[in-house]
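Step one of this worksheet: look at the structure below.
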Amino acid sequence: MRSLLDLQFDNTFARLPVGFHSPVSPTPLAGMHLVSASPGAAALLDLPPESLRDDEVLNGLAGVQTLPGTEPVAMCYAGHQFGHYVPQLGDGRAMILGEVVTGQGARWELQLKGAGLTPYSRDGDGRAVLRSTVREYLCSEAVHALGIPTTRALCMFGSCEEVYRERIESGALLVRMAPSHVRFGSFEVFYYRDQHAQLRQLADYVIDHDYPQLREQAQPYLALLGEVVRRTARLMAQWQLVGFAHGVMNTDNMSILGLTLDYGPFGFMDAYDPGFICNHSDYHGRYAFDQQPSVGLWNLSCLAQAMLPLLDADNGEAAAEQARAALTEYQPVLVEAYAQGMRSKLGLREEHNDDQLLSGRLLDLMASNRVDYTNLFRELADLRLDDPTSDRALRDRFLDRAGFDAWVADYRARLRTEHSADPVRAAAMRQVNPRYVLRNYLAQQAIVQAERGDYAEIERLLTLLSRPFDDQPGMQAYAAEPPDWGRQLEVSCSS
Ligand code: AMP
Ligand code: MG
Numbered sequence: 064m065r066s067l068l069d070l071q072f073d074n075t076f077a078r079l080p081v082g083f084h085s086p087v088s089p090t091p092l093a094g095m096h097l098v099s100a101s102p103g104a105a106a107l108l109d110l111p112p113e114s115l116r117d118d119e120v121l122n123g124l125a126g127v128q129t130l131p132g133t134e135p136v137a138m139c140y141a142g143h144q145f146g147h148y149v150p151q152l153g154d155g156r157a158m159i160l161g162e163v164v165t166g167q168g169a170r171w172e173l174q175l176k177g178a179g180l181t182p183y184s185r186d187g188d189g190r191a192v193l194r195s196t197v198r199e200y201l202c203s204e205a206v207h208a209l210g211i212p213t214t215r216a217l218c219m220f221g222s223c224e225e226v227y228r229e230r231i232e233s234g235a236l237l238v239r240m241a242p243s244h245v246r247f248g249s250f251e252v253f254y255y256r257d258q259h260a261q262l263r264q265l266a267d268y269v270i271d272h273d274y275p276q277l278r279e280q281a282q283p284y285l286a287l288l289g290e291v292v293r294r295t296a297r298l299m300a301q302w303q304l305v306g307f308a309h310g311v312m313n314t315d316n317m318s319i320l321g322l323t324l325d326y327g328p329f330g331f332m333d334a335y336d337p338g339f340i341c342n343h344s345d346y347h348g349r350y351a352f353d354q355q356p357s358v359g360l361w362n363l364s365c366l367a368q369a370m371l372p373l374l375d376a377d378n379g380e381a382a383a384e385q386a387r388a389a390l391t392e393y394q395p396v397l398v399e400a401y402a403q404g405m406r407s408k409l410g411l412r413e414e415h416n417d418d419q420l421l422s423g424r425l426l427d428l429m430a431s432n433r434v435d436y437t438n439l440f441r442e443l444a445d446l447r448l449d450d451p452t453s454d455r456a457l458r459d460r461f462l463d464r465a466g467f468d469a470w471v472a473d474y475r476a477r478l479r480t481e482h483s484a485d486p487v488r489a490a491a492m493r494q495v496n497p498r499y500v501l502r503n504y505l506a507q508q509a510i511v512q513a514e515r516g517d518y519a520e521i522e523r524l525l526t527l528l529s530r531p532f533d534d535q536p537g538m539q540a541y542a543a544e545p546p547d548w549g550r551q552l553e554v555s556c557s558s
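In this note's numbering, the protein residues as written are 64 to 558.
Structure (structure tokens):
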């Protein structure tokens, strides 16, 4: 059986000079064992998921022996954390193992998370706990299945090693993958150290490696910034549309590829609440759900600032002008992607001037009536134009019945203007409004069982969430709104 031992590696990031990274080696976790492997992610490497059960593979990932072709390094980066610049962060518990080149020529950087100390560990222990690893593992794969760009999770391991957080937990290891794990903070570290040659080398690396088409542009670095601006704008629109809050949008957690990166205290909203704060340690709500679009722009301005020396080294004012122009694309791209996405969620094919008013009114009603975000949109597909009984269940979700009645009358009228056909609209809506998302309480149930050594729930959620838009027989309970204990789960950065 083909396994990780047979893969072709070409470690482009590790070949960058000292200063970009430091050599590391994983520190084995006591009693490490495979918890789960994602068939979808394994397929990207042409691997059968069972191949990850191999003892030699386990020893290679654990650091007992070196996996052929790998050259583990920890990446150096900096970043703005909660608005403050931190001059050196870096992979404190992540290690890039190497870069796999598949038969189709795709490149996947494999990264271990929780593999032990690195030169960037600062006061940390280099470990990840089972709880947070289960969350990142499941959510990476679930977010991908929702059609949102993200790092992927190949597999995860548990162990009997004790790790100290607010309580004693067990250590775990995630193997994640992305074409590149370069972050906004990777640029910032060289900018703030006045290392402009390295800054240029990093930009060249990113362009050659991930955006080769930009080489043809008159100003490749400016084109790179523009591309990241647009990708980030679209990513923010996608998060907002699906009710996802990242929780720690520091610039070191912002991917240069526009991927969802570094899952920590993230949360999918249950009841719609624009001010939703999923990170228990985010006292001021800097990363509250409705702040994400503006934080995305703030983070991009940090990136733009770090790229200034690349735009026009001799004329600071000209460079700043170019950066500003690139950033002005952010808002229109985000607004358009969000508006288009919201029309799809509502089953609207045509574009009308007051569509935003219509969706905004629904969101306001949902907020004041604390209506479940995922389920409301999913069930809206059941509405039939000429059958007033078809929205009874929906109506019951609102305390403000009159408000809902007024809205739904306008919604029906709007659908009629484009001669919307019930079955066609319903099918289209079910392709964009998920039935299942990784609600906090669902992840929590899987964690509690995993902490007892039972991984069946992880497997169940992984399979369920790989097809979030399909009603799956016998799985209705997984679309349920949280039980009382699951409403106020506290999730913090401590992972
Ligand atoms: P995060 O907010 O999880 O993305 O982490 C921010 C920074 O802290 C990164 O540089 C991480 O590598 C580092 N870090 C987080 N947890 C640990 C840990 N347990 N040990 C060492 N470094 C860590
Ligand atoms: Mg991070």
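Where a beta carbon is used, it is the ideal one built from N, C-alpha and C, also for glycine. Predicted model only: the values in this text are computed from it and were never measured.
Assuming contact is defined by CB atoms lying nearer than 8 angstroms, are His415 and Tyr350 in contact in what I supplied? Counting from 1 along the sequence shown, the entry for residue 415 is found at position 352. Counting from 1 along the sequence shown, the entry for residue 350 is found at position 287. Going by beta carbons, His415 and Tyr350 fall outside the 8 angstroms limit.
Looking only at DSSP bridge pairs, what is Gln174 linked to? Position 111 of the sequence shown, counting from 1, holds the residue named residue 174. Ile159, Arg239, per the DSSP bridge assignment.
On the criterion of 16 or more Cβ atoms from any shown chain inside 10 Å, does Trp548 qualify as buried, or is it exposed? Position 485 of the sequence shown, counted from the first residue, corresponds to residue 548. With fewer than 16 Cβ atoms within 10 Å of its Cβ, Trp548 is classed as exposed.
Can you tell me whether DSSP reads Ile319 as helix, strand or coil? The residue you call residue 319 lines up with position 256 of the sequence shown. Here Ile319 sits in coil by DSSP.
Short Cβ contact (8 angstroms threshold) for His244 with Glu162: As a working note, residue 244 is residue 181 in the sequence shown. As a working note, residue 162 is residue 99 in the sequence shown. Cβ atoms of His244 and Glu162: not closer than 8 angstroms.
Rounded C-beta distance between Cys218 and Val238? I'm assuming under 8 angstroms. Counted from its first residue, the sequence shown places residue 218 at position 155. Counted from its first residue, the sequence shown places residue 238 at position 175. Yes, they are in contact, since the Cβ atoms of Cys218 and Val238 sit about 5 angstroms apart, within 8 angstroms.
Just mark Val269 as buried or exposed, buried being the case when its beta carbon has 16 or more other beta carbons within 10 Å. On the sequence shown, residue 269 is found 206 positions in, with the first residue counted as 1. Classification of Val269: buried, given that the 10 Å Cβ count is 16 or more.
Quick one: Cα of Val7 to Cα of Arg78, how far? Because the chain in this structure spans residues 64 to 558, residue 7 falls outside the shown range and cannot be described.
Contact check, Phe339 vs Phe329, beta carbons under 8 angstroms: Numbered from its first residue, the sequence shown carries residue 339 at position 276. Numbered from its first residue, the sequence shown carries residue 329 at position 266. Going by beta carbons, Phe339 and Phe329 fall outside the 8 angstroms limit.
Phe83 at chain B interface by Cβ criterion, 8 angstroms: Given the protein chain composition of this structure (a single chain), no chain B is represented.
Measure how close the beta-carbons of Val98 and Tyr518 come, nearest whole angstrom, since I'm counting them as under 8 angstroms. As a first step, residue 98 is located in the sequence shown; it is residue number 35 there, counting from the start. As a first step, residue 518 is located in the sequence shown; it is residue number 455 there, counting from the start. Val98 to Tyr518, Cβ: 5 angstroms. Contact.
Quick test of your reading: Leu115 and Ala105, contact by CB under 8 angstroms. State the CB separation rounded to the nearest angstrom. Stepping through the sequence shown from its first residue, residue 115 is reached at position 52. Stepping through the sequence shown from its first residue, residue 105 is reached at position 42. That belief holds up - the Cβ atoms of Leu115 and Ala105 are roughly 7 angstroms apart, short of 8 angstroms.
So for Phe145, helix, strand or coil by DSSP? As a first step, residue 145 is located in the sequence shown; it is residue number 82 there, counting from the start. Collapsing the DSSP output to three states places Phe145 in coil.
Candidates Leu420, Gly359, Gln419, of which the one nearest Leu390 by Cα: Within the sequence shown, numbered from 1, the residue matching residue 390 stands at position 327. Nearest of Leu420, Gly359, Gln419 to Leu390, Cα basis: Gly359.
Who are the near neighbours of Ile211 in its chain, counting only those whose CB is closer than 8 angstroms to its CB and skipping five residues on each side? The sequence position of residue 211 within the sequence shown is 148, counting from 1. Cβ within range, chain order: Leu298, Gln301, Trp302, Val305, Phe307, Thr323.
Helix, strand or coil for Thr314 per DSSP? Along the sequence shown, read from residue 1 onward, the residue named residue 314 stands at position 251. The three-state reading of DSSP puts Thr314 in helix, counting H, G and I together.
Rounded straight-line distance, which links the Cα of Ala386 to that of Gly379: Along the sequence shown, read from residue 1 onward, the residue named residue 379 stands at position 316. Along the sequence shown, read from residue 1 onward, the residue named residue 386 stands at position 323. Near 11 angstroms, if we compare the C-alpha coordinates of Ala386 and Gly379.
Extent of the continuous beta strand (DSSP E) to which Val226 belongs: Counting from one through the sequence shown, the residue named residue 226 turns up at place 163. Run containing Val226: 215-227, per the beta strand (DSSP E) assignment.
Cβ pair count under 8 angstroms reaching 3, the stretch 369-378 against the stretch 246-259: Taking a cut-off of 8 angstroms for Cβ pairs, the stretch 369-378 and the stretch 246-259 touch, as three or more such pairs fall below it.
Just how far apart, CA to CA, sit Glu229 and Gly187? Counted from its first residue, the sequence shown places residue 229 at position 166. Counted from its first residue, the sequence shown places residue 187 at position 124. Inter-residue distance for Glu229 and Gly187 is about 14 angstroms (C-alpha atoms, whole angstroms).
Quick one: does the C-beta of Asp315 sit closer than 7 angstroms to a heavy atom of ligand 2? Translated into positions along the sequence shown, residue 315 becomes position 252. It does: the Cβ of Asp315 is within 7 angstroms (strictly closer) of some heavy atom of ligand 2.
For Glu544, three-class secondary structure by DSSP: Against the sequence shown, residue 544 aligns to sequence position 481. In this structure, Glu544 counts as coil in the three-state DSSP scheme.
Just reading off the alpha helix (DSSP H) that Val305 is part of, what are its end residues? As a working mapping, residue 305 is identified with position 242 in the sequence shown. In the DSSP assignment, Val305 falls within the alpha helix (DSSP H) that extends over 283-305.
Inter-residue spacing [alpha-carbon to alpha-carbon] between Glu119 and Phe145: The residue given as residue 119 occupies position 56 in the sequence shown. The residue given as residue 145 occupies position 82 in the sequence shown. Cα to Cα, Glu119 sits roughly 41 angstroms from Phe145.
Within 10 angstroms of its Cβ, does Gly410 collect 16 or more other Cβ (buried), or is it exposed? Within the sequence shown, residue 410 is the residue found at index 347, counting from 1. Burial of Gly410 is indicated by the presence of at least 16 other C-beta atoms within 10 angstroms of its C-beta.
Quick one: what does DSSP say His347 is sitting in, helix, strand or coil? Sequence index remark: in the sequence shown, residue 347 carries index 284 (1-based). Here His347 sits in coil by DSSP.
Run through DSSP, which three-state label would Glu413 get? Counting from one through the sequence shown, the residue named residue 413 turns up at place 350. Reduced to three states, the DSSP call for Glu413 is coil.
Per DSSP, which one or two residues make a beta bridge with Gln71? The residue given as residue 71 occupies position 8 in the sequence shown. Looking at the DSSP assignment, Gln71 forms a beta bridge with Val164.
Which same chain residues end up closer than 7 angstroms to Cys202 when comparing Cβ atoms and leaving out the 5 residues on each side of it in sequence? Along the sequence shown, one-based indexing puts residue 202 at 139. Excluding residues within five positions, the ones whose Cβ falls inside 7 angstroms are Tyr326, Phe329, Leu501.
Does DSSP put Glu134 in a helix, in a strand, or in coil? Here residue 134 corresponds to residue number 71 of the sequence shown, with the count starting at 1. Here Glu134 sits in coil by DSSP.
By a C-beta neighbour count over all protein chains shown, 10 Å radius and 16 as the cutoff for buried, is Leu462 buried or exposed? In the sequence shown, residue 462 corresponds to position 399, counting from 1. Counting Cβ neighbours within 10 Å, Leu462 comes out exposed, since fewer than 16 surround it.
Residue from Arg412, Thr165, Leu428 with nearest C-alpha to Ala465: By 1-based counting over the sequence shown, the position of residue 465 is 402. Closest option to Ala465, Cα to Cα, is Leu428.
Quick one: is the Cβ of Asp325 within less than 7 angstroms of any heavy atom of ligand 2? Counting from one through the sequence shown, the residue named residue 325 turns up at place 262. For ligand 2, at least one heavy atom lies less than 7 angstroms from the Cβ of Asp325.
How many whole angstroms separate the CB atoms of Ala137 and Asp117, which I take to be in contact at a CB cut-off of 8 angstroms? Position 74 of the sequence shown, counted from the start, is the residue given in the question as residue 137. Position 54 of the sequence shown, counted from the start, is the residue given in the question as residue 117. Not really, about 26 angstroms apart at Cβ, beyond 8 angstroms.
Counterpart residues of Ile340 in DSSP-defined beta bridges: Translated into the one-based positions of the sequence shown, residue 340 becomes position 277. Ile340 pairs with nothing; no bridge assigned.
Below 8 angstroms, can you find three or more Cβ-Cβ pairs linking the stretch 180-198 to the stretch 486-499? The stretch 180-198 is not in contact with the stretch 486-499.
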